[in-house]
Amino acid sequence: MIVKMKKITLLCLESDRDRTLESLSELGVMHLQHIQEPQDQSLTALREKMTRAHEAIRILDEIAKSDKNRDDHNLLIQARSIIEDSDEITRRAIELNHEKKNLADKLETLKLTRKTIEPLGDFDPTITTQLQQKGITIRLFMVPEKKAIKIPENTVLIETGRNQSGRYVAIAGQGSYDFDGVEVEMPKRKLSELDAEIKLLNTKLENVNTALLKLSFSINFLHAHMKDIGGQIMFAEAKHGMGSTGKVAYLQGFCPANRVAGILQVSSQQGWGLQINEPSPDDKVPTLIRNPAWMKPIESVFKMINITPGYKEVDVSASFLIFLSIFFAMIVGDAGYGLVFLVITWLVRMKLKSAPLEPFKLMTLFSICTIIWGVMSGCYFGLSAPGGFLKVKWLETNENIMNLCMVLGCIHLSVAHLWNAWRVINSTRAIAQFGWVAITWSMYFIARFLFDGTPFPFLLKPVGITGLLAILIFMTPPRKFKEEWINHAMLPLSLMSTFGDVLSYLRLFALGIASLEVAKAFNSMTSFNSLPAGLASALALFVGHTINIVLSALSVLVHGIRLNALEFSMHLGLEWSGFRYNPFTKKRT
């Protein structure tokens with residue numbers, strides 16, 4: 113249920129801004145709406161501080177994950193003795209990471225240089241300068257391995273090294289000479305000098321990594337620091353987002369109607385001025401959903417895909433939970449897979465005891481529904497149960513399952529239109545919504561006729577015609593026809609869209625049958641005639657069914673949620689245009 117909100121305007125003395133906001137944050141019930149864009153030097157500094165802290169956490173998290181051989185106990189003792197100030201942790205982490213990047217870049221450059229001059233051996237370039245002063249020139253060349261070398265007259269040739277490209281030679285002589293080879297640029301440093309510097313850089317890089325690793329043990333402390341900064345930013349935004357006229361400052365926001373009494377009580381103590389109104393149609397009101405315990409698990413899906421109904425829209429938690437559970441069962445379609453989901457859910461819950469309970473409740477419900485559907489359809493890891501235990505014979509025929517999917521779709525869409533009719537029950541638009549219910553079921557029988565030749569029921573023809581007339585006449589009130597006439601022009605497309613939406617529920621059958629066939633395919637690849645064959649078959653079954661289970665779960669995310677969040681929501685007129693209620697509260701740690 114979407115909680116009713118009240119719009120509150122609060123007035124206080126300009127000098128009491130901080131005390132007023134402290135009191136409001138203690139209450140923690142008011143979602144603030146800034147009067148003006150919060151701008152202040154202190155706020156900018158806090159945001160920069162938050163950015164730096166976030167960057168430091170990213171750096172330390174990476175270094176902690178990359179090192180698998182660290183001695184946690186010893187390093188933790190060392191870390192405790194180094195830094196306890198969160199700002200210092202942030203500064204050191206960013207500086208060390210910058211130093212690490214510079215060292216890595218220098219190291220890479222030196223390694224490339226070394227690779228280039230390695231075939232020349234430990235050639236000392238200072239010798240060339242000394243010899244040039246005596247009139248002797250040294251040049252370096254590369255000669256292909258199989259090519260004969262002809263030494264120029266009055267020169268000395270020394271082979272310095274080889275690699276897959278060929279032989280590298282140094283030629284010393286007076287004056288100019290020609291040589292049939294590829295001339296190589298004279299190195300600027302000795303190979304031994306490069307090796308020494310590379311070793312030094314590796315040592316420095318190792319020291320930097322060790323320092324970062326020690327800092328990584330303060331990452332939880334840094335997370336707490338970020339929460340503290342977040343609270344300070346929220347407070348600063350609230351303060352600088354207030355309006356003011358002379359000596360009076362004011363703010364606006366939204367509060368659940370059942371929590372207004374708390375603000376009234378505090379206002380009498382603090383001397384605030386309050387104006388409490390109903391939100392206007394132009395107000396951007398946050399959405400707060402409060403559901404009974406059995407509906408709460410579906411909220412984890414809304415958070416995962418980040419959708420929220422608008423304040424003036426409806427809460428579809430109940431229908432979303434019921435139909436998504438059915439869709440999950442039909443898409444996965446296997447009692448064995450349902451049991452796997454159930455066991456994994458319980459094992460993860462035992463491991464993560466402090467995690468929120470709702471997602472585990474949701475997965476438990478999904479798993480149980482899948483097991484029930486799998487038992488009814490007689491499918492266990494792609495195999496049929498011996499004797500058809502509790503199997504429903506009607507589900508053995510693909511045509512029956514396809515028919516069930518379309519019936520389920522019509523029920524789903526009809527719920528949307530009946531819900532719309534209830535919302536406008538005192539308006540003639542409710543009649544149009546009943547007309548859409550008739551059209552939805554007419555589309556089902558048209559689809560049946562096209563698929564298997566099932567005759568369109570004679571009694572339903574007048575129902576379909578009546579439904580179409582009800583839509584044409586009552587979908588738009590006469591006073592709004594000038595604004596909404598386009599709905600009539602688009603009616604043929606809307607009818608075609610309804611037909612397509614009914615058919616779209618066939619994806620439940622298609623995905624379920626695809627999962628079954630994949631499981632059967634992996635089962636058919638097995639052979640247990642010998643021990644090696646049995647082991648290979650067991651591995652193939654494990655890998656194959658694991659892949660199939662993962663694909664089934666992804667299909668639910670893509671298609672099961674889509675049928676609720678798109679097809680159903682479109683017929684309900686739900687645009688998911690809302691944003692979550694986020695009360696101004698003290699979040700400092």
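The sequence shown lines up with residues 113 to 701 when you count with the working numbering.
By construction, the Cβ of each residue, glycine as well, lies at the ideal position given by its N, Cα and C atoms.
The structure displayed is predicted, hence computed values, not measured ones.
Inter-residue distance for serine 277 and phenylalanine 291 is about 18 Å (C-alpha atoms, whole angstroms). Under the DSSP assignment, threonine 638 falls outside any alpha helix (DSSP H); it carries neither an H nor an E label. In this structure, proline 150 sits away from alanine 361, with a CB-CB distance that is not shorter than 9 Å.
Under the 10 Å beta carbon count, glutamine 245 is surrounded by fewer than 16 other beta carbons and is classified as exposed. In the DSSP assignment, the residues bridged to valine 360 are Leu125, Thr357. Shortest Cα-Cα distance from leucine 222 to any of Leu313, Thr610, Ile171 involves Leu313. Linking leucine 580 to tryptophan 548 through their CA atoms gives a straight-line distance of about 8 Å. Per DSSP, reduced to three states, the secondary structure at methionine 602 is coil, with no helix or strand assignment. Exposure of glutamate 174 is indicated by the presence of fewer than 16 other C-beta atoms within 10 angstroms of its C-beta. Taking 9 Å as the cut-off, the beta carbon of alanine 282 is found closer than this to the beta carbon of isoleucine 250. Residue pairing from DSSP places glutamate 295 in a beta bridge opposite Phe253. In chain order, Thr272, Gly273, Leu303 place their CB closer than 7 Å to the CB of glycine 233, counting only its own chain and leaving out the 5 sequence neighbours on each side. Counting the other CB atoms within 10 Å of its CB gives valine 536 a total below 16, which places it among the exposed residues. For phenylalanine 561, the number of other beta carbons within 10 angstroms of its own is below 16, and it is reported as exposed. Relative to phenylalanine 453, the option among Phe440, Leu464, Lys465 whose CA is nearest is Phe440. For histidine 671, the secondary structure class from DSSP, reduced to helix, strand or coil, is helix.
Histidine 352: member of the alpha helix (DSSP H) spanning 331-352, first to last residue. Cβ contact annotation for glutamate 309 (same chain, cutoff 8 Å, sequence separation greater than five): Leu222, in chain order. In this structure leucine 684 is in contact with tryptophan 531, their Cβ atoms being roughly 6 Å apart against a cut-off of 8 Å. Between glycine 486 and phenylalanine 501, the gap from beta carbon to beta carbon reaches 9 Å or more. Between cysteine 367 and valine 141, the beta carbon gap of about 5 Å places them in contact (Cβ cut-off 8 Å). Taking all protein chains in view, the Cβ of glutamate 687 is surrounded by fewer than 16 other Cβ atoms within 10 Å, so the residue is classified as exposed. The alpha helix (DSSP H) runs lying completely inside the segment 136-168 and spanning 4 residues or more number zero. Beta-carbon to beta-carbon, alanine 168 and leucine 334 are separated by about 6 Å, close enough to satisfy the 8 Å threshold. Straight-line spacing of the CA atoms in isoleucine 598 and serine 606 works out to 12 Å. The same chain holds no residue with a CB closer than 7 Å to that of isoleucine 523 once the five nearest residues on each side in sequence are set aside. For valine 268, no alpha helix (DSSP H) segment is defined; the enclosing uninterrupted segment is the beta strand (DSSP E) at 267-275. Taking each of Glu265, Phe696, Pro237, Lys316 in turn and checking the Cα distance to asparagine 209, the smallest one comes out for Lys316.
Judged by DSSP in its simplified three-state form, leucine 454 adopts helix. DSSP places tyrosine 280 inside the beta strand (DSSP E), whose first and last residues are 278-286. In the structure shown, the three-state DSSP call for arginine 619 is helix. If only complete runs of 4 or more residues are kept, the segment 383-434 shows the alpha helix (DSSP H) at 411-417, in order along the chain. Sorting Glu160, Thr241, Thr238, Pro299 by C-alpha distance to the C-alpha of isoleucine 229 places Pro299 at the top. Listed in chain order, the non-local C-beta contacts of glutamine 545 below 6 Å within the same chain comprise His529, Asn532, Ala533, local neighbours out to five positions each way being set aside. Restricting attention to Lys473, Ile438, Pro471, the CA atom closest to the CA of isoleucine 483 is found in Ile438.
Residue state for tyrosine 556 is assigned as helix, using DSSP reduced to three classes.
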